Amino acid sequence: MERRTRVRFAPSPTGPLHMGGVRTALYNYLYAKKNGGDFIIRIEDTDSHRFVPGAEEYIIEALLWCGIIPDEGVDADGKVVSVPSERHPHAPYRQSERKPIYRKYAEQLIASGNAYYAFDTPEELDECRRKAEASGQTFIYNQTTRGSLRNSLTLPPEEVERLLAETTGWTVRFKMPENTVVAMDDIIRGHIEVNTNTLDDKVLWKRADELPTYHLANIVDDHLMEITEVIRGEEWLPSLPLHYLLYEAFGWKDTMPRFAHLSLLLKPVGNGKLSKRDGDKMGFPVFPLQWTNAEGETSHGYREDGYFPEAFVNLLALLGWNPGTEQEIFSMEELIGAFSLDKVQKAGAKFNPDKAKWFNKEYLRMKSDEELAALLTPVLEKNGVKADPAYVRKVVALVKERAVFVEDMWTVAQYLFIAPASYVEKDVEKFWKEENYSKVLEISEKLQEASPSGKEAVGEFLEGYIREREWPMGKVMNCLRLALAGSASGLGIADIVSLIGIPEATARVARARAALGA
RNA sequence: GCUGGGUUCGUAUAACGGUUAGUACUCAAGAUUCUCAAUCUUGCAAUAGGAGUUCGAUUCUCCUACCCAGUACCA
Numbered sequence: 037m038e039r040r041t042r043v044r045f046a047p048s049p050t051g052p053l054h055m056g057g058v059r060t061a062l063y064n065y066l067y068a069k070k071n072g073g074d075f076i077i078r079i080e081d082t083d084s085h086r087f088v089p090g091a092e093e094y095i096i097e098a099l100l101w102c103g104i105i106p107d108e109g110v111d112a113d114g115k116v117v118s119v120p121s122e123r124h125p126h127a128p129y130r131q132s133e134r135k136p137i138y139r140k141y142a143e144q145l146i147a148s149g150n151a152y153y154a155f156d157t158p159e160e161l162d163e164c165r166r167k168a169e170a171s172g173q174t175f176i177y178n179q180t181t182r183g184s185l186r187n188s189l190t191l192p193p194e195e196v197e198r199l200l201a202e203t204t205g206w207t208v209r210f211k212m213p214e215n216t217v218v219a220m221d222d223i224i225r226g227h228i229e230v231n232t233n234t235l236d237d238k239v240l241w242k243r244a245d246e247l248p249t250y251h252l253a254n255i256v257d258d259h260l261m262e263i264t265e266v267i268r269g270e271e272w273l274p275s276l277p278l279h280y281l282l283y284e285a286f287g288w289k290d291t292m293p294r295f296a297h298l299s300l301l302l303k304p305v306g307n308g309k310l311s312k313r314d315g316d317k318m319g320f321p322v323f324p325l326q327w328t329n330a331e332g333e334t335s336h337g338y339r340e341d342g343y344f345p346e347a348f349v350n351l352l353a354l355l356g357w358n359p360g361t362e363q364e365i366f367s368m369e370e371l372i373g374a375f376s377l378d379k380v381q382k383a384g385a386k387f388n389p390d391k392a393k394w395f396n397k398e399y400l401r402m403k404s405d406e407e408l409a410a411l412l413t414p415v416l417e418k419n420g421v422k423a424d425p426a427y428v429r430k431v432v433a434l435v436k437e438r439a440v441f442v443e444d445m446w447t448v449a450q451y452l453f454i455a456p457a458s459y460v461e462k463d464v465e466k467f468w469k470e471e472n473y474s475k476v477l478e479i480s481e482k483l484q485e486a487s488p489s490g491k492e493a494v495g496e497f498l499e500g501y502i503r504e505r506e507w508p509m510g511k512v513m514n515c516l517r518l519a520l521a522g523s524a525s526g527l528g529i530a531d532i533v534s535l536i537g538i539p540e541a542t543a544r545v546a547r548a549r550a551a552l553g554a
């Protein structure tokens, strides 16, 4: 029977979501939409010790910023849903609020002989690990050791009863079958086989906070929420055999989701996975949104650094997936149409900050002048500039191809709004010479007299005037630009003059003369 | 260490077992322009190594090397 596609993104609110996590969410979302299914958010907060305030809100805000909109689990206000409704039938979607659900499943596994109670204290287990290490071995809690440890398999039933009743010092462990080959299929990696002898009796229920571990909660919730595909990070691949075995133990093998394990995002240089430190060191964000931790340290975010969400999503999508064509620029709609898991790369992808900027540049130049003017206006205001909207539009049209970020348009074109406050020293040395600026002063005067109108007319007048006198075009023009823009490099002189106007241009020449000497 | 996963230009990637191994980013050169940027053109640059299967291997198998992950009462 064909089931409706249902996938979930299940972050744990232990900090800000990093871009690898966003990519996992994105692939889930794309897969769901491509297959006409549901994308569900579930918060896996079963680790009460690592809970970070604000992390859950951050994660959801980040997804919404990217345009990754959940169908289920999060309401229109961006809140995780706690009360079931028609749209959110499986609420609550926060595992800490689902606590009562899990206990009976743990007990079910014990009843069926697939799990047992273990009473070993953390100290005892540490001791076992230490001893094993001392003799050059690794301690594993499994069929070779469980017989000599304190659990419901070794202790007399009365003692087990007593310990369960009198203490809270117990866990539930999965009883890993002996010498059994678990045969698994991963959508991305293909067939994988693992012998259970290399696996351990994983804790399914923690006494520490009276909560299930990831493994139990995850399988139970995926089953209850009718998840059809689990698309998650590679760090879960080693747990896959346990998860298969759990589905089997519960008798849910027939509705077990298919699994797809995504490779990790790697740091741009050297080896290892992308971490917060790489971003700080190399000057690019690793987080979608800015984040300030408990120590007050702030990490950059793509949003705050000026990336468009469309560009961010686009670059993330192509990090580990390709459409099979040479198209590189994709809207979310196009991504949904093109996405497929069998085009996902097996190997980890090194993140390339240069390419990230390139994507943003492409998106910036795709925007209309109106949009860009609207985006630039707040930047202008921040810098104390109040400009006519029509004028801003003209500026934007001229400088958009020189910018990667909206802020760049200000950096590159601020002299179109305010007169230069300083002059680039190197250019002054090179071009502010008597032989040049005397000509510039003359041109300035004549320009006023002729007052040509429009970019073409200004250009023709200037070039004509210089050419007629056989002056060196480059030297004079650069000297003029230095006076108008404060730098010898920048927009064409005709563009600058026609935008700021001849009166302002002549005023700037006069000011340059006063400032630089003549 | 053990277990699992991975390996095509610097980076991201393409190539039903048959291609001069393609594309994009970066970088370099040239064209253009009053400069810079943009643009256009050109260029640099890769199948980790070794066996095997095959008429033929980037592609399939094995070994080695290297990288990554897991090895928690974390997810």
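No gaps in the numbering here: position 144 of the first sequence is 180 in the working numbering, and each next residue is one more. Using N, Cα and C, we set each Cβ at its ideal position, and we do this for glycine too. Bear in mind the structure is a predicted one, so any value in this text is a computation, not a measurement.
Assigned exposure category for residue i - 16 Cβ within 10 Å defines buried
i      : result
Leu552 : exposed
Asn215 : exposed
Gly315 : buried
Lys115 : exposed
Ala392 : buried
Ser48  : buried
Lys238 : buried
Pro192 : exposed
Ala219 : exposed
Glu504 : exposed
Asp419 : According to the sequence as given, residue 419 is Asn; it is not Asp. Burial call: exposed.
Proximity of residue i and residue j at Cβ, strictly below 9 Å
i      : j      : result
Asp162 : Arg130 : no
His227 : Asp221 : yes
Ser458 : Gly522 : yes
Ala455 : Ala543 : yes
His336 : Thr291 : no
Asn350 : Glu362 : no
Tyr138 : Leu247 : yes
Gln484 : Pro539 : yes
Ile79  : Glu97  : no
Lys309 : Gly360 : no
Glu406 : Ala347 : no
Leu325 : Pro52  : yes
Residue i to residue j span [Cα, whole Å]
i      : j      : result
Leu273 : Tyr451 : 56 Å
Ala550 : Ile532 : 21 Å
Ser299 : Asp463 : 50 Å
Ile502 : Met509 : 6 Å
Phe210 : Leu276 : 14 Å
Glu471 : Lys511 : 9 Å
Glu202 : Val196 : 10 Å
Ala154 : Thr181 : 12 Å
Leu382 : His297 : Residue identity check: residue 382 is Lys in the sequence provided, not Leu. So the alpha carbons of these two residues sit roughly 9 Å apart.
Arg39  : Asp74  : 11 Å
Met318 : Ala519 : 36 Å
Asn388 : Arg225 : 24 Å
Lys289 : Arg268 : 19 Å
Ile372 : Asp390 : 25 Å
Leu416 : Ala449 : 11 Å
Val266 : Ser171 : 40 Å
Glu159 : Asn178 : 18 Å
Ala439 : Leu498 : 28 Å
Met513 : Leu412 : 29 Å
Among the options, nearest to residue i - alpha-carbon criterion
i      : options                        : result
Ile76  : Glu169, Thr542, Met261         : Met261
Ala330 : Thr50, Phe210, Ala433          : Thr50
Glu133 : Ser311, Ala353, Ser84          : Ser84
Met445 : Arg401, Arg339, Asp257         : Arg401
Met368 : Pro47, Gly103, Val88           : Gly103
Gly57  : Phe295, Leu301, Thr234, Ile255 : Leu301
Leu199 : Phe175, Glu169, Thr157, Ala219 : Thr157
Pro345 : Leu99, Ser404, Ile255, Val43   : Leu99
Arg186 : Val208, Gln173, Lys167, Thr174 : Val208
Arg547 : Val431, Glu506, Leu377, Tyr473 : Tyr473
Arg243 : Ile267, Gly205, Ile223         : Gly205
Leu408 : Asn514, Leu498, Tyr338, Ala433 : Ala433
Asn71  : Val230, Phe375, Phe395, Trp241 : Phe375
Val305 : Lys436, Pro125, Met513, Phe320 : Phe320
Phe467 : Leu516, Arg438, Asp257         : Leu516
Glu481 : Val380, Ala541, Glu370, Glu265 : Ala541
Asn64  : Ala46, Glu504, Lys469          : Ala46
Val256 : Glu122, Pro293, Lys386         : Pro293
Near the ligand HEM: residue i beta-carbon under 8 Å from a heavy atom
i      : result
Leu527 : You won't find the ligand HEM in this model; it holds no ligand whatsoever.
Mind the definition here: the segment 145-152 touches the segment 274-294 only if three or more C-beta pairs lie below 8 Å; say whether that holds. yes
Would you be able to state if there are at least three C-beta pairs under 8 Å between the segment 347-366 and the segment 58-73? yes
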